[in-house]
Amino acid sequence: MAKLKHFFRILFVRAEYAFDTAFGQQCNPLSWLGALGWYFFWIVAGTGVYLYIFFDTGITDAYASVEYITNDQWYAAGVMRSLHRYASDALVIVVVLHLLREFSLDRLRGKRFFAWLTGVPALFFIYLCGISGYWLVWDQLAQLIAIATTEWLDALPFFAEPIANNFLNSTTLGGRFFTLMVFIHIFAPLFMLLLMWVHIQRHARARVNPPRPLAIGTAITLILLSLIHPAVSQGPADLDVVPTELAFDWYYLAAYSLLDIIPGGQLWLVIVGGLVLLALFPWLPPQKSAPAAVVSLDNCNGCARCFDDCPFGAISMVRRSDGKGYETEAAVSLENCLSCGLCVGACPTATPFRRATEIVPGIQLPEYPITALRESTVAASRQFGEGPRVLVYTCEYSGADKLRSEGAQVITMPCIAMLPPSFIDFALSRNLADGVVLAGCAEGDCYYRLGGHWTLQRLNGERDPYLRKRVDRSRVCFMRTRPGSGKQRTAEFAGFAATLADLPPVSHKKSRDE
Amino acid sequence: MNRLGRPFLQAIAYAAFAVTVGYFASMPPYRYADARVASVKISLSHAADKVAPCVQLTQEEIAELAANMRRTETCERQRLPLLFEFDVDGARVLTIEAPPSGVWGDGPSSIYERINLDPGRHRITVRLRDTARTEGWDYIKSEEVVLEAARYFTITFKEATGGFNYR
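Protein chains in written order, with our numbering: chain A, 1 to 514; chain B, 515 to 681.
In C-alpha cells, the structure reads:
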C-alpha cells in the first residue's frame, strides 16, 4: 500500500509542478479537485433543471423531446444537454483524481477517515445518476443500457422473474421501468448532494467553490466543447433491433463492456467488493494518531482564536469549568483533532518571550511543546556558518527541509501555522538570525487545509495573533512550496539571502515581555 | 513564466481537458453485438408442479387441527425444477434445469438466455417439462422461422395462452 501511495505521489508531484507553471499555485486545478467536483455537480444540476422543462417523461415521447432539445433548440437546450453530459463526465474525472490524490497524500487514515468513508458511497450515486440519465434519452444507447442493466441485475438472486423481460421486445415495452428511471435520475442527485454535504462535515470552512479564474476557464472550456462537439442521440430505441456498435461514454459505461468477459454475478462481486475494499483503505494499515492538542486552563482565557482557526472543527468553546472569571474555555475533540498545531499558532499565550523556563500556553501539542520550539530556535541559531543567517521554519509537507545548509537552519513542525508570529520577532530581536523564512505548503494546497492561509493573514496583520509592527518585513519571507518545486524554492531562497546580505546587521531589541 | 507564456500553457491545459472529456464521452465506439448475426432471446417464468401431489385429509385429521387452521388437503410447499431444451435444426443448443425461486423453493422458475445464431431459415424446437414425469415433455413447439441479422427473435412462454410463443 505504501509503495502504491508513493507511486501516485511521484506522479502527482510532477503534475502539480506542471500545473503550477501553467496556472500558478493559487489556481492549480489539482489543489481544487474537490471544489471542482462541487462545481461540476452544480453545472449538471442547473442544466438538468433546464432540460427537464422540455423533457417528456413518457417512454413513447421521451426520444422526440430530446431530439427537440438537441436540434430545434440547439442554441440553448442543446448546449445545456451537452453541458449536462460533459460536466457529468468532468465530474467523474475530478472525483477519480481527487480520490487518487488524497490517497497518495495519505489524507485518509487515522482521524481523516470520515471524508474518505463518506466519499465511497458518493461514487455509487455518481454512477446511478449518470446511468439513469443515459436511460432517459431512450435512444439505441439507452436501449443497450436498459437491456444490459436489467440482464446484469438479473444476475443477482433477488428477482423472482427476470426484469429483463421488461425490454424483451417492442410488445413487452411498458413505461413502468422508465418512470422508475425518471424518479431515480431526480432523487439520486439529491441523495448525492446529501452525501457530499456529509463528506465535508469535519472540515471547517470547506472549499466548495473553485477560484474564479479556474471556474470561468473550465466553464468556457465545457461550453466550447458543447458547441464544437454537441451531445447527440443515437437513433430511437427499437426493442426488436439489436444495438450493435454505438458511441459509448466510457466514463460511466465502461463496466458494461466488462460484461463481455466477466459474468454478471462475478462483476457484481468485483464492484461491490472493490467498493468495500476502498472504504477500508483508511485502516490498511491503521494509523497511529499523534496525541491531540491539550488545553491548559491556567493559561486559557477563552479568547476563541484557536476555535476560529481549527480547520477540522476539533475545538469548541464550552462553559468555563474552573471558576475563573472568563465565560468560556477551549475544549478539544479527541476524535477530530489532527494534531496540526494551528491552534498553537493562534494562541496569544504561545510566545517565546515569556520568562518562565517552561512555557505553557493555553493550548499546545504534547509532541511539539512551545518550550521545545523555543529551545530549537536558540539551538539552531548557534549552528550557522558564514553569510546571512536564515532560520527556516517549515512544515512536514512543503519539502523546504531540503534548504538546510550552513546559512540556513531548518526547524520542522506539523504545519507552518503552528508557529506563533511572536517567534519571528523573537528570532530577529534576539539577534538569533538575520532573516526568517516561513515555508508552508503550496497556495491553496495546505496539508492541513488552512495553515498557509492563516499564516499569511497573521503576517499581514489581518488575523490574530499579528506579527508585531516593529518586525522588519524585509527580513521575513513567506514561501509556499511543494516537494516537486526544488529549483523554484532554491532560487527564491537565494534571492532572499541576497537581500539579507545587503541589509545592516540586526540589533538586539528588548521585548515588552522581557 | 512570462506574461504570455502562462495563458498559452493554460489554453493547452484546457484544450487537453476538453479533448479528454469529449473523446471518451463517445469514443472509441463499443461493439455490443455482431451486426451479422441474429439474436434469439428466450424468456420464460413459470411455476412447475409441486414436488408431490396434494393429499386429502381424513375427517379425523381435519378434526385434530386447530379450528382456525382446518383445511381439506395438505400440500408440499416446494416445487419441481423446470427442464427446458432448445434445438436449432435438430441440434441441441441449450438444456437448462431451472430451480424454483424463493427461499423455500416454492416460487416460479425463470429462464432468460440470449443466443446468437446465423441469420436465415432455421427449424427451432423448444421443449418444457414442468411435472414429475421422467419421460416426454409437457410443452413442445417446433417451427421453421427466418432469422434476420441484427434483429431479435424472442421465445416466450405463457401457460394461459397454450405454451410457447415465437416472435
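Here a beta-carbon is modelled for each residue, glycine too, at the ideal position from N, C-alpha and C.
ARG470/A in three-state terms, based on DSSP: coil
Same chain, Cβ closer than 7 Å to ASP502/A, neighbours up to 5 away in sequence not counted: none
Cross-strand partners of ASN630/B (DSSP beta bridge): SER553/B
Whole-angstrom C-beta distance between PRO311/A and TYR397/A, which should lie under 8 Å: Actually they are not in contact, since the Cβ atoms of TYR397/A and PRO311/A sit about 14 Å apart, beyond 8 Å.
Chain-order list of residues whose beta-carbon lies under 6 Å from that of LEU225/A (same chain, five-residue window excluded): TYR86
Whole-Å CB distance - PRO366/A paired with PRO291/A, under 8 Å assumed: 4 Å
Reference ILE145/A, options ILE315/A, GLY48/A, ALA279/A and LEU259/A, closest by Cα: LEU259/A
Chain-ordered chain A contacts of ALA562/B [CB-CB under 8 Å]: Under the 8 Å cutoff, chain A gives no residues; its nearest Cβ is about 14 Å from ALA562/B.
In chain order, each beta strand (DSSP E) run of at least 3 residues that lies wholly inside the stretch 5-52 of chain A: none
Whole-angstrom C-beta distance between LEU459/A and LEU450/A, which should lie under 8 Å: Their Cβ separation, rounded to whole angstroms, is 14 Å, which puts LEU450/A and LEU459/A out of contact at 8 Å.
Separation of LEU11/A from CYS129/A, as counted between CA atoms: 30 Å
Test: TYR680/B CB closer than 7 Å to a CB of chain A: no
Cβ shell of SER296/A (< 8 Å), same chain only, five flanking positions each side left out: VAL360, PRO361, GLY362, ILE363 and GLN364
GLU514/A, DSSP secondary structure in three states: Caution applies to GLU514/A, whose pLDDT of 48 falls short of 50 and renders its modelled position unreliable; the model cannot decide the point.
DSSP-derived helix/strand/coil call for CYS306/A: helix
Minimum Cβ-Cβ distance from ALA527/B to chain A less than 7 Å: yes
Classification of ASN71/A by the beta-carbon crowding that lies within 10 angstroms, buried from 16 upward: exposed
Test item: CB-CB of ALA346/A and CYS306/A under 7 Å: yes
Test: GLU514/A CB closer than 7 Å to a CB of chain B: At GLU514/A, the pLDDT of 48 sits below 50, so the modelled position is not reliable and the matter cannot be decided from this model.
Assigned exposure category for LYS111/A - 16 Cβ within 10 Å defines buried: buried
The stretch 117-133 of chain A touching the stretch 182-202 of chain A, judged by at least three CB pairs closer than 8 Å: yes
Neighbour flag for GLU492/A against chain B, beta carbons, 7 Å: no
Residues sharing a beta bridge with ARG139/A, DSSP: The amino acid at residue 139/A is misidentified as Arg; the sequence shows Asp. PRO236/A, per the DSSP bridge assignment.
Contact set between TYR134/A and chain B, taken where Cβ atoms lie within less than 7 Å: Here the premise fails: no neighbours, minimum Cβ distance about 11 Å.
Beta-bridge partners of SER624/B, as assigned by DSSP: SER559/B
Helix, strand or coil at ILE370/A according to DSSP, with G and I counted as helix: helix
Spatial distance of ALA442/A from LYS324/A (CA atoms): 41 Å
Candidates LEU33/A, ARG14/A, ALA417/A and PRO414/A, of which the one nearest ASN209/A by Cα: LEU33/A
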